[in-house]
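Trainee: Here it is: the structure, laid out below.
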Amino acid sequence: MTEATERMDGAGETDLGRALRALRRRADLSQRELAERSGVPQPTLARIESGRAVDPRFRTVERLVRAAGGELTVAVPSSAIAIVEPTTVPHDDMRDDAGRRYPAHLDVWPVHEPRDWPGAWWAEWYRLPPERYPLPLPPAAYELNRRYRDNRRWAAEVRRTAEVRRVHGGDLPVTCWRYVAELPDGKLVGELRAHERSPFLEHGEWLPDDPEREMVLDGVLVDARYRRLGLGRRLVTALLTDMREAGVEDVAALAEGAGIDLLLACGFEIEARRPAALRSGRPRRQSYK
Numbered sequence: 002m003t004e005a006t007e008r009m010d011g012a013g014e015t016d017l018g019r020a021l022r023a024l025r026r027r028a029d030l031s032q033r034e035l036a037e038r039s040g041v042p043q044p045t046l047a048r049i050e051s052g053r054a055v056d057p058r059f060r061t062v063e064r065l066v067r068a069a070g071g072e073l074t075v076a077v078p079s080s081a082i083a084i085v086e087p088t089t090v091p092h093d094d095m096r097d098d099a100g101r102r103y104p105a106h107l108d109v110w111p112v113h114e115p116r117d118w119p120g121a122w123w124a125e126w127y128r129l130p131p132e133r134y135p136l137p138l139p140p141a142a143y144e145l146n147r148r149y150r151d152n153r154r155w156a157a158e159v160r161r162t163a164e165v166r167r168v169h170g171g172d173l174p175v176t177c178w179r180y181v182a183e184l185p186d187g188k189l190v191g192e193l194r195a196h197e198r199s200p201f202l203e204h205g206e207w208l209p210d211d212p213e214r215e216m217v218l219d220g221v222l223v224d225a226r227y228r229r230l231g232l233g234r235r236l237v238t239a240l241l242t243d244m245r246e247a248g249v250e251d252v253a254a255l256a257e258g259a260g261i262d263l264l265l266a267c268g269f270e271i272e273a274r275r276p277a278a279l280r281s282g283r284p285r286r287q288s289y290k
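In structure tokens form, the structure reads like this:
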């Protein structure tokens, strides 16, 4: 995480407000919560963050910064206050219909369609034509539930930092293609395996330049906690990209349930002529309701 330093000098009220908003975001605190922690009235904090406060007291700024987990130092000889700002607020430039900023500690996203607005999504507005929407769509939306918000940020961090790579060498057969999805600490959270086949393999011979080479997708596995974050799609996309660079155009797969949706989203098509689904084991009882 990069760090920037905001300075409060003769024209630094706006910079100070931006730094406090960034600190509140890192601490996941609303203005009311930071005011309660610091003992500074919430209206005073609001004026400082908006740049409307005239020459706020040093003690007030110090209490706010430390309550938000920040650092405050005095530089010599300029005697300027320096606040170490850990991050910026991504949506600081966004405004609501009344021209106000959205809460700094929340994650705000623009609303382009009903699916982007939780209030409309659960009510299934997206099934209606725009002229029948019960209410106009807001310019943006955000999540108030802290647990949901934390999960959303955790998911965004996983998407940003997870890496997908192909595994080479080791004890892998020459026709085996293996991909893994890893976190920065090396934790394995996803894996894909596939293999090449051609008519010549039936006779014990594999020709790398065989124009009839075909890929078979053996399986895609993603840790249960890390599903629905796009890792499976990234694994499949990496395979498709590399195999086509290698001159292999066709890939076959068998899937069921959510696996079908994943492969369809990656550009696969359902074949009319396909193998039958077979199972060995205890007969499954059918219920009639």
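First residue of the sequence shown? That's 2 in the working numbering, and the numbers climb one at a time after it. Ideal Cβ positions, reconstructed from N, Cα and C, are used throughout, including at glycine.
1) Do the segment 22 to 42 and the segment 94 to 110 touch if we need at least three Cβ pairs shorter than 8 Å?
2) Check S80 in the structure and name its three-state DSSP category.
3) DSSP puts Y143 in a beta bridge; with which residues?
4) Assess, as a yes-or-no matter, whether the segment 141 to 153 is touched by the segment 213 to 230 under the definition of 3 or more beta carbon pairs within less than 8 Å.
5) Between W178 and the rest of its own chain, which residues show a CB-CB distance below 6 Å, the 5 nearest in sequence each way excluded?
6) Provide the residue(s) that pair with W126 in DSSP beta bridges, ordered along the chain.
7) How many angstroms separate the CA atom of R96 from the CA atom of I261?
8) Mind checking which residues open and close the beta strand (DSSP E) that includes G233?
9) Hey, quick one: how far does the beta strand (DSSP E) through E215 stretch, first residue to last?
10) Within the continuous beta strand (DSSP E) that includes A20, where are the two ends?
11) Thinking C-beta only, is P139 closer than 8 Å to W118?
Mentor: In brief:
1) Result yes; three or more Cβ-Cβ pairs closer than 8 Å.
2) At S80 the pLDDT is 49, less than 50, meaning the model places this residue with poor confidence; the figure from the coordinates comes in the next sentence. Residue state, collapsed to three classes: coil.
3) Bridge partners of Y143: V109.
4) The segment 213 to 230 vs the segment 141 to 153: no contact.
5) Closer than 6 Å at the Cβ level, and outside the excluded window around W178, lie A195.
6) DSSP links W126 through a beta bridge to no other residue.
7) Cα-Cα distance, rounded: 41 Å.
8) Counting along the chain, G233 falls outside any beta strand (DSSP E), though it belongs to the alpha helix (DSSP H) covering 232 to 246.
9) 215 to 223 is the span of the beta strand (DSSP E), which, as asked, contains E215.
10) Note, A20: premise wrong, no beta strand (DSSP E); alpha helix (DSSP H) at 14 to 28.
11) W118 places its beta carbon less than 8 Å from that of P139.
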